[in-house]
Amino acid sequence: MEMSLEKQLDIIKRGAVEILPMDELVKKLEKSIRNNKPLKVKLGLDPSAPDIHLGHTVVLQKLKQFQDLGHEIILIIGDFTGRIGDPTGKSTTRKQLTEEEINKNAETYKKQIFRILDPKRTEVVYNSHWLANFKFEDVIRLAAKTTVARILERDDFKKRYEDNQPIGIHEFFYPLMQGYDSVELKADIELGGTDQKFNLLMGRNLQKEYGQEGQIALMMPILEGLDGIMKMSKSLNNYIGVEDSPKEMFGKVMSIKDELIIRYFKLVTQLSNEEINIMEQEMTRGKNPRDYKIKLAKTIIGQYHNASDAIKAEEEFINIFSKNQMPENIDEIELMVDGDGNYWVPKLLQILGLVNSTSDGKRVFDQSGVKINGEKITEVNIKVENAMVIQVGKRKFAKIIIK
RNA sequence: GGGGAGAUUCCCGAGAGGCUAAAGGGGGCAGACUGUAAAUCUGUUGUCUACGACUUCGCAGGUUCGAAUCCUGCUCUCCCCA
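For what it's worth, this note's numbering labels the leading residue of the first sequence as 33, then goes sequentially.
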């Protein structure tokens, strides 16, 4: 199981933005090989947003690699921090989660994470186990291990401070709590995105304060979302979830900007660097990026679903967007028809859930974005018929079932 | 404890008594085009029983024929001094 130092380093380094400090990682690995003792690799998870998306998988893939190298993987569910609520930015305090919600989220998390990691060899722990027992005295002792100036070095604190945005005192405790997790677990390595640098190093410092060997901080890049600018996140709605349907995944991948294709290949697939380089060269030589995007979509769907789903998704995509046909499976919506079955289209669209309001529906209609059975309509009042397919824009469909 | 500044629509940000459902940008949606739900261009972007009506500028009152704009109180945020 144990690979040579060189090989391990090769795998560990791949894709990582920064490893701090590198020489200590080498030492830890040497020791691990010598004593045949796996390293403890830690990753913290926030239980408030239980939908894992490709952005998270960048780090998870790395964790998987450690796992395959025979090291010990520990996932920390940050239920304690989640219970307190983290008011990031603005005045919108994040709602506090109940124990029940957290447990539910944690279960969802595990299910999704185990699409990547091996459940049998992954330890999952909750940080409330130790943090919930902290006395005020313990809190003070922990807080005394750092200074305000140091905390304000953290990027987002610094920005908010400079932009005159509010920062709650309790927010200062987040890095401390996360860092303490490392102390509790005696972690050897902690993974995170580059935005976690401060927190990871805080863990290292705290471990030393508590007389332990400091952990290694390994940072992976932050994946941009579908817009290509902001980081992928659920709240920005620019994400591809690992539980998205093949159809959704396909469409979403096709909507990324062409410039992002290679980066996605590198960060969220297991294709070799050689393969990726070849594609990059072919594109610069003028090959259609669309075809590589299709390959990317199929690769991703293959990872989270399977190859035949990927092919189906591709066919459907081509039918709808290239050939302008209707999809095979359209959501059927039951409609209680009163009287003669005549409807004002904006209202109908709203009832069917294709638009948010009748005003919205009117706008879409005015911009000739409504089709019935594939034909653009120009009449605002229509008579509904059973099995009629109403379409808004290119991708919203509903089949009416009259009750 | 004292003194200043501020809160505007999904977000950022103009507006300083009627011409304001509120400039501009971002985002969203639709259309055109296309090699893609890329890029580009155009339109649109409070709600409704829809050529009209109703509700929105932190919250609650008040002045006025008329308030996002003026007054009072409250809530929240930031800065400076101590």
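For each residue, glycine too, the CB sits at the ideal point set by N, CA and C. Since we're looking at a predicted model, the values are computed, not measured.
Check, Outcome
"Pick from GLU360, ARG66, HIS103 and ASP83 that is closest to LYS136, judged by C-alpha positions", "ASP83"
"Three-way DSSP call (helix, strand, coil) for MET311 in this model", "helix"
"Unbroken alpha helix (DSSP H) run spanning ALA181, endpoints", "180-183"
"Buried versus exposed call for GLU256 [16 or more other C-beta atoms within 10 Å across all chains shown]", "buried"
"Cβ-Cβ distance between MET368 and ILE332 below 8 Å", "no"
"Residues sharing a beta bridge with GLY30, DSSP", "Outside the displayed range of the chain (33 to 435) lies residue 30, so it cannot be described from this structure."
"8 Å Cβ cutoff met for ILE434 and VAL416", "yes"
"Buried versus exposed, by CB contacts within 10 Å (16 or more), THR179", "exposed"
"Where VAL49 falls, given that 16 or more other Cβ within 10 Å makes a residue buried", "exposed"
"Backbone secondary structure at GLY273 - three-state DSSP", "strand"
"Whole-angstrom distance between ILE254 and LEU215, CA atom to CA atom", "The sequence given here places Val at residue 215; Leu does not occur at that position. Roughly 26 Å separates the two Cα atoms."
"Distance between TRP376 and VAL402 (C-alpha atoms, nearest Å)", "13 Å"
"Where the beta strand (DSSP E) containing VAL402 begins and where it ends", "402-404"
"Neighbourhood of GLU364 by C-beta, 7 Å cutoff - its chain only, sequence neighbours within 5 removed", "LYS431 and ILE433"
"Pair within 8 Å by beta-carbon distance, ILE109 and LYS74", "no"
"Cβ-Cβ distance between VAL421 and MET358 below 8 Å", "yes"
"Reduced DSSP secondary structure (H/G/I, E/B, other) of GLU366", "strand"
"Opposing strand residues paired with TYR438 [DSSP bridges]", "Here the chain has residues from 33 to 435 only, and residue 438 is not among them."
"Residues of its chain near LYS113, where Cβ-Cβ distance is below 6 Å and the 5 sequence neighbours each way are ignored", "The identity of residue 113 in the sequence shown is Thr, whereas the question assumes Lys. Correct list, in chain order: MET209."
"C-alpha distance - THR125 paired with PRO198, whole-angstrom precision", "Unreliable positioning characterises THR125 in this predicted model, as indicated by a pLDDT of 44, which lies under 50. A coordinate reading is not provided."
"Test item: CB-CB of PHE429 and ILE362 under 8 Å", "yes"
"DSSP three-state assignment for ASN413, whether helix, strand or coil", "strand"
"The stretch 142-158 in contact with the stretch 190-205 per 3-pair CB rule at 8 Å", "no"
"Straight-line gap, ILE105 to LEU380 (C-alpha atoms, nearest Å)", "53 Å"
"C-alpha gap between LEU223 and ARG182, whole angstroms", "21 Å"
"Candidates GLU133, TYR296, ASN159 and ASN388: closest to ASP259 by CA position", "TYR296"
"Proximity of LEU57 and ILE248 at Cβ, strictly below 8 Å", "yes"
"Sufficient close CB pairs (3 or more, under 8 Å) joining the stretch 62-81 to the stretch 96-105", "yes"
"First through last residue of the beta strand (DSSP E) which encompasses ILE434", "428-434"
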